[in-house]
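First to last, the sequence lines map onto chains A and B. Counting from 1, position 81 in the first sequence corresponds to residue 81 in this note's numbering; the numbering is continuous, with no gaps. Counting from 1, position 10 in the second sequence corresponds to residue 10 in this note's numbering; the numbering is continuous, with no gaps. All residues carry an ideal CB built from backbone N, CA and C; glycine is no exception. Nothing here was measured: the structure is a model prediction, and the numbers come from that model. Each remark here refers to the structure printed beneath this line.
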Amino acid sequence: GAVVSQHPSRVICKSGTSVKIECRSLDFQATTMFWYRQFPKQSLMLMATSNEGSKATYEQGVEKDKFLINHASLTLSTLTVTSAHPEDSSFYICSARDPRSNQPQHFGDGTRLSIL
Amino acid sequence: AQKITQTQPGMFVQEKEAVTLDCTYDTSDPSYGLFWYKQPSSGEMIFLIYQGSYDQQNATEGRYSLNFQKARKSANLVISASQLGDSAMYFCAMRLNSGGSNYKLTFGKGTLLTVNP
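Right, dumping it as structure tokens:
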């Protein structure tokens with residue numbers, strides 16, 4: 001079964017609204033979570049690394065004020081797209097690192113965000 | 001900085017035949033992990049196989065095997081006995097194991113595999 005739960009799976013909203021996406025690790029404590037963005041037929045682009053209890057580390061070119069990341073607990077990280085516009089429409093995927101082993105990151109099922 | 005290169009934007013294979021998806025990588029770190037993920041049209045990322053840089057043997061997982069050639073810095077994925085359900089996007093990824101890397105993954109551009117009946 002899924003070890004990382006991501007909600008919502010799809011969002012359609014008007015331009016100017018803010019959208020929050022949740023990423024939860026279900027059976028392990030994830031000190032580190034990652035947020036990716038993926039445009040159609042392209043690869044995953046890392047947006048930021050989310051560390052529990054500290055500020056997220058953003059990749060170059062990603063607007064911190066636009067994409068707010070909160071990692072308040074060991075099982076939950078949230079990404080808020082603030083004042084979303086049509087160009088923010090994309091597929092957003094989170095992942096969580098399981099610190100117990102050398103296993104790969106576990107991915108959520110992604111969120112398709114459409115801004116009208 | 002690390003880099004993953006997948007040179008095949010698209011591949012076609014006949015059902016029940018084997019197919020190799022290419023992946024080369026570049027890093028100066030001695031300790032790293034290489035991964036292959038499958039992404040169907042529905043979008044979820046499905047982990048297929050992992051190879052550690054110090055692993056002596058090539059990784060295998062069912063119909064998936066990883067042809068790891070460290071000197072050439074290649075980590076090709078071999079899918080045997082292709083099935084229609086294997087049609088998807090395939091991503092090669094690398095993770096540095098040094099603490100400063102924060103264990104983030106670097107992805108290649110992907111290969112779209114189509115299995116023909």
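Residue i classed as buried or exposed, judged by whether at least 16 other C-beta atoms fall within 10 angstroms
i, result
"Pro104(A)", "buried"
"Arg115(A)", "Looking at the sequence shown, residue 115(A) is not Arg but Ile. Under this definition Ile115(A) is a buried residue."
"Ile12(A)", "exposed"
"Ala30(A)", "buried"
"Lys185(B)", "The structure shown does not extend to residue 185(B), since chain B spans only 1 to 117, so no value can be given for it."
"Asp98(A)", "buried"
"Ser83(A)", "exposed"
"Ser25(A)", "buried"
Sequence-distant residues of the same chain with beta carbon closer than 6 Å to residue i, five excluded per side
i, result
"Thr78(A)", "Lys20, Glu22 and Asn70"
Minimum Cβ-Cβ distance from residue i to chain B less than 9 Å
i, result
"Gln60(A)", "no"
"Leu74(A)", "no"
"Pro104(A)", "yes"
"Ile69(A)", "no"
"Gly118(A)", "Residue 118(A) is absent from the model: chain A starts at 1 and stops at 116."
"Ser89(A)", "no"
"Ser18(A)", "no"
"Arg97(A)", "yes"
Same chain, Cβ closer than 7 Å to residue i, neighbours up to 5 away in sequence not counted
i, result
"Asn97(B)", "Ser31, Tyr32 and Gly33"
"Lys64(A)", "Tyr58"
"Ser90(A)", "Arg37, Gln38, Phe39 and Leu113"
"Lys109(B)", "Gln6"
Residue i at chain A interface by Cβ criterion, 9 Å
i, result
"Leu68(B)", "The identity of residue 68(B) in the sequence shown is Phe, whereas the question assumes Leu. Cβ-Cβ to chain A under 9 Å: no for Phe68(B)."
"Met45(B)", "yes"
"Phe12(B)", "no"
"Lys73(B)", "no"
"Leu105(B)", "yes"
"Gly62(B)", "no"
"Ser53(B)", "no"
"Lys3(B)", "no"
"Lys38(B)", "no"
"Gly110(B)", "yes"
Contacting residues, own chain, Cβ-Cβ under 8 Å from residue i (five flanking each side not counted)
i, result
"Pro86(A)", "Ser15, Ile115 and Leu116"
"Ser73(A)", "Glu52"
"Asn58(B)", "Gln51, Ser65, Leu66, Asn67 and Phe68"
"Asn116(B)", "Phe12, Val13, Gln14 and Glu15"
- Task: Pair every Cβ in the stretch 39-48 of chain B with every Cβ in the stretch 86-100 of chain B, then say whether three or more of these pairs are closer than 8 Å.
- Result: Contact between the stretch 39-48 of chain B and the stretch 86-100 of chain B is present: 3 or more CB-CB pairs across the two stretches fall below 8 Å.
- For the stretch 16-35 of chain B, enumerate the residues whose C-beta is nearer than 8 Å to any C-beta of chain A, in chain order. Here the close residues are Gly33 and Phe35.
- Between the stretch 66-84 of chain B and the stretch 8-26 of chain B, do three or more beta carbon pairs fall short of 8 Å? With contact defined as three or more Cβ pairs closer than 8 Å, the stretch 66-84 of chain B and the stretch 8-26 of chain B are in contact.
- Message: Output needed in chain order: residues of the stretch 27-49 of chain A with a Cβ under 9 Å from some Cβ in chain B.
- Response: Taking 9 Å as the Cβ-Cβ cut-off against chain B, the residues of the stretch 27-49 of chain A that qualify are Thr32, Phe34, Tyr36, Gln38, Lys41, Gln42, Ser43, Leu44, Met45, Leu46 and Thr49.
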